[in-house]
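Residue numbering for the sequence shown is 1 to 392, as defined by the numbering used here. Backbone N, C-alpha and C define an ideal beta-carbon position, used for all residues, glycine too. Just so it is clear, the structure is predicted and the values come from calculations on it, not from any experiment. The structure appears right after this line, and notes come after that.
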Amino acid sequence: MKKKIIIVFIIFFAIIIFIKAQLTYNPSVRILASVIDFSESTLKDPEYLAYGIDLKDLFDNYTNADIRYSGSTSIKKVKGFPYSISGSIRGERSSSQKKFSCKANLDVLVLQVGELDVYADNDTIYLVAPLLGGISYGFDTNNDLFTEAPQLKYDINREWFHNNKRNIYNFVNSIKIEATGETFVDEDGTEASEFAITVPEGEGDFIWDLLGMDAPDHDINCSVFLDKHNHARKLVFDLSYRTKGAYISVYGDNLSTLELYRPLPDDEYVTATIKRNGDTLYTNSFTNNLSYYASNGDVYTIDSGMLLNYSESGISMEATNIVVARNDDTLAEGYVKGKISTVDDMGDVFEDAKADLSNVKVIDWNTIKNDTAAFIDDVISKARENVDLFSF
Numbered sequence: 001m002k003k004k005i006i007i008v009f010i011i012f013f014a015i016i017i018f019i020k021a022q023l024t025y026n027p028s029v030r031i032l033a034s035v036i037d038f039s040e041s042t043l044k045d046p047e048y049l050a051y052g053i054d055l056k057d058l059f060d061n062y063t064n065a066d067i068r069y070s071g072s073t074s075i076k077k078v079k080g081f082p083y084s085i086s087g088s089i090r091g092e093r094s095s096s097q098k099k100f101s102c103k104a105n106l107d108v109l110v111l112q113v114g115e116l117d118v119y120a121d122n123d124t125i126y127l128v129a130p131l132l133g134g135i136s137y138g139f140d141t142n143n144d145l146f147t148e149a150p151q152l153k154y155d156i157n158r159e160w161f162h163n164n165k166r167n168i169y170n171f172v173n174s175i176k177i178e179a180t181g182e183t184f185v186d187e188d189g190t191e192a193s194e195f196a197i198t199v200p201e202g203e204g205d206f207i208w209d210l211l212g213m214d215a216p217d218h219d220i221n222c223s224v225f226l227d228k229h230n231h232a233r234k235l236v237f238d239l240s241y242r243t244k245g246a247y248i249s250v251y252g253d254n255l256s257t258l259e260l261y262r263p264l265p266d267d268e269y270v271t272a273t274i275k276r277n278g279d280t281l282y283t284n285s286f287t288n289n290l291s292y293y294a295s296n297g298d299v300y301t302i303d304s305g306m307l308l309n310y311s312e313s314g315i316s317m318e319a320t321n322i323v324v325a326r327n328d329d330t331l332a333e334g335y336v337k338g339k340i341s342t343v344d345d346m347g348d349v350f351e352d353a354k355a356d357l358s359n360v361k362v363i364d365w366n367t368i369k370n371d372t373a374a375f376i377d378d379v380i381s382k383a384r385e386n387v388d389l390f391s392f
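Now the structure itself:
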């Protein structure tokens, strides 16, 4: 009897050692363990980027839909302008039409100075400024301004992971997973190891079905950084198949931060980050940054806080502490507060806004970036000529 007990203990400890070794050294097992950890731990953490947000509803009814918004704005500390500006805003955005409108009725002190209108279609932004004496410009960005989010067919939640356990298991065992030896150190000092993943063409049908996408006709490359507990600290999705060098990354203890990177011509690039503030439980709170790195060494940034609340009528939004800067020089500060709602049977966005773009001069972005200071001085000069209020 004693001998049998010893044998059982030996087998038991052998199994423990084997499992430990698999969880430590076998890439496929580690990735599977991280998927389980994500569904059972990260999804329930208030720091998780999409905690409490129905991504399917957000993408279907707002990001990829026709929406209307209204609210108020305040612009203060505009460089070279000694007054604060406030007013109301309203507009529409149509993903299907690839059009956007924003009309702002602005006041300076107690004086009503008129509208400042912003429009966009496809890859061009238009600025129509009656308050500056009718100055109008268009900026051809050469980039799609209306990229759609995935058309999710299901909510990404614990139920989806549970229903797809077998699919996930088969998927992990059919893709290429390789430990690269590279590491990522999280902001709390935790080190995570990189596993490069290649999804061959034709694999992962259940994932493309979830995303509402046709299966790609090429391999997909991404990376997962796991700490010693197989907890995902960083995910990187390579978008080089669309734009060479571009990527989307989600990182943090519970994947709290989203980063987008897109290279531009002439060694320029743009980054955008969204970080969730999980300690604010009464609402969805984020810190945002958009940075444009110009070839002349200038860095243009927009920083802000963001609060989102859901209601029966749509989404209430507040962009707080907006700071627009060039390098370390603050150009303007302000805030925007408003509501967003979906619209059925939206008419033409430009016609609804009564947009007149007939006299807009479209300028290639390279013309502006190569001599931004001269362009700004020219706009200010024309504004002073046209509007007495600006002759200070």
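Measure the alpha-carbon distance for residue i versus residue j and round it to whole angstroms.
| i | j | result |
| --- | --- | --- |
| D345 | D66 | 9 Å |
| G204 | G314 | 34 Å |
| S223 | D107 | 50 Å |
| E351 | H162 | 48 Å |
| T124 | E182 | 40 Å |
| Y169 | S70 | 47 Å |
| V360 | S41 | 53 Å |
| D144 | W160 | 32 Å |
| N254 | I274 | 14 Å |
| A149 | K56 | 10 Å |
| N289 | S88 | 24 Å |
| Y51 | K44 | 7 Å |
| K234 | N167 | 23 Å |
| S304 | A272 | 12 Å |
| N64 | S95 | 6 Å |
| D54 | G338 | 20 Å |
| F146 | K98 | 6 Å |
| I36 | T367 | 51 Å |
| S256 | Y48 | 5 Å |
| D214 | K79 | 48 Å |
| T330 | D219 | 44 Å |
| N122 | W365 | 15 Å |
| Q151 | N142 | 25 Å |
| L264 | K244 | 10 Å |
| E115 | N105 | 5 Å |
| D117 | G252 | 38 Å |
| E312 | F59 | 17 Å |
| F171 | D328 | 48 Å |
| G347 | I175 | 46 Å |
| A355 | R242 | 33 Å |
Could you name the residues of the same chain whose beta carbon sits closer than 7 Å to that of residue i, not counting the 5 residues immediately before and after it, in chain order?
| i | result |
| --- | --- |
| F38 | A232 |
| I177 | P27, S28, I31, F195 and I197 |
| Y247 | V236, F237, D238, L239 and Y261 |
| S193 | A179, T183, F225 and L226 |
| R326 | D298 and Y300 |
| N173 | S28 |
| T287 | K275, N277 and G305 |
| A374 | none |
| N157 | L43 |
| K165 | none |
| V324 | I302, L331 and A332 |
Measure the beta-carbon distance from residue i to residue j and round it to whole angstroms, keeping in mind my assumption that it falls under 8 Å.
| i | j | result |
| --- | --- | --- |
| I363 | F139 | 6 Å |
| V250 | L258 | 5 Å |
| D217 | E201 | 6 Å |
| Y62 | T342 | 7 Å |
| I322 | I302 | 7 Å |
| V411 | T73 | Summary: the structure shown does not reach residue 411, with the chain confined to residues 1 through 392, and so no result is reported for it. |
| L357 | Y126 | 6 Å |
Which residues in the same chain as residue i place their Cβ atom closer than 6 Å to its Cβ, once the five residues preceding and following it in sequence are excluded?
| i | result |
| --- | --- |
| F100 | R93 and A120 |
| L307 | T283, S285 and E318 |
| S34 | L226, N230 and A232 |
| V270 | R262 and Y292 |
| N221 | T198 and D238 |
| R90 | S70 and K103 |
| E191 | T183 and V185 |
| I316 | Reading off the sequence, residue 316 comes out as Ser, not Ile. N309 and K339, listed in sequence order. |
| R68 | E92, S341 and V343 |
Examine the ligand MN and report whether any of its heavy atoms sits within less than 7 Å of the Cβ of residue i.
| i | result |
| --- | --- |
| D279 | By its list of ligands, the structure shown contains no ligand whatsoever, and the ligand MN lies outside what it can speak to. |
Please work out which residues of its chain come closer than 8 Å, Cβ to Cβ, to residue i, disregarding the five sequence neighbours upstream and downstream, and give them in chain order.
| i | result |
| --- | --- |
| S295 | D266, D267, E268 and K369 |
| Y154 | K56, W160 and L210 |
| N76 | The question names Asn, yet the displayed sequence has Lys at residue 76. So the list reads S84, I85, A332, E333 and G334, once near-sequence residues are dropped. |
| A353 | G91, E92, S101, K103, D117 and Y119 |
| W208 | D214, A215 and P216 |
| G401 | In the structure as shown, the chain starts at 1 and stops at 392, and residue 401 therefore has no counterpart that could be examined. |
With 8 Å set as the bound, which would you pick, yes or no: does the beta-carbon of residue i sit closer than that to a beta-carbon of chain B?
| i | result |
| --- | --- |
| L258 | Considering every chain present, this structure includes no chain B. It has just one protein chain. |
Worksheet item: Where are the beta strand (DSSP E) runs, 3 residues long or more, that stay fully inside the region 260 to 332, in chain order?
Response: Listed in chain order, the beta strand (DSSP E) elements of length 3 or more contained wholly in the region 260 to 332 are 268 to 276, 284 to 293, 299 to 311 and 314 to 326.
Discussion item. Give the list of continuous beta strand (DSSP E) stretches no shorter than 3 residues that lie fully inside the region 143 to 199.
Written reply: Unbroken beta strand (DSSP E) runs of no fewer than 3 residues, entirely contained in the region 143 to 199, are found at 176 to 185 and 191 to 199, following chain order.
Discussion item. Just to confirm the assignment: which complete alpha helix (DSSP H) runs, minimum length 4, are found wholly within the region 35 to 70?
Written reply: List check, alpha helix (DSSP H) in window: 55 to 58.
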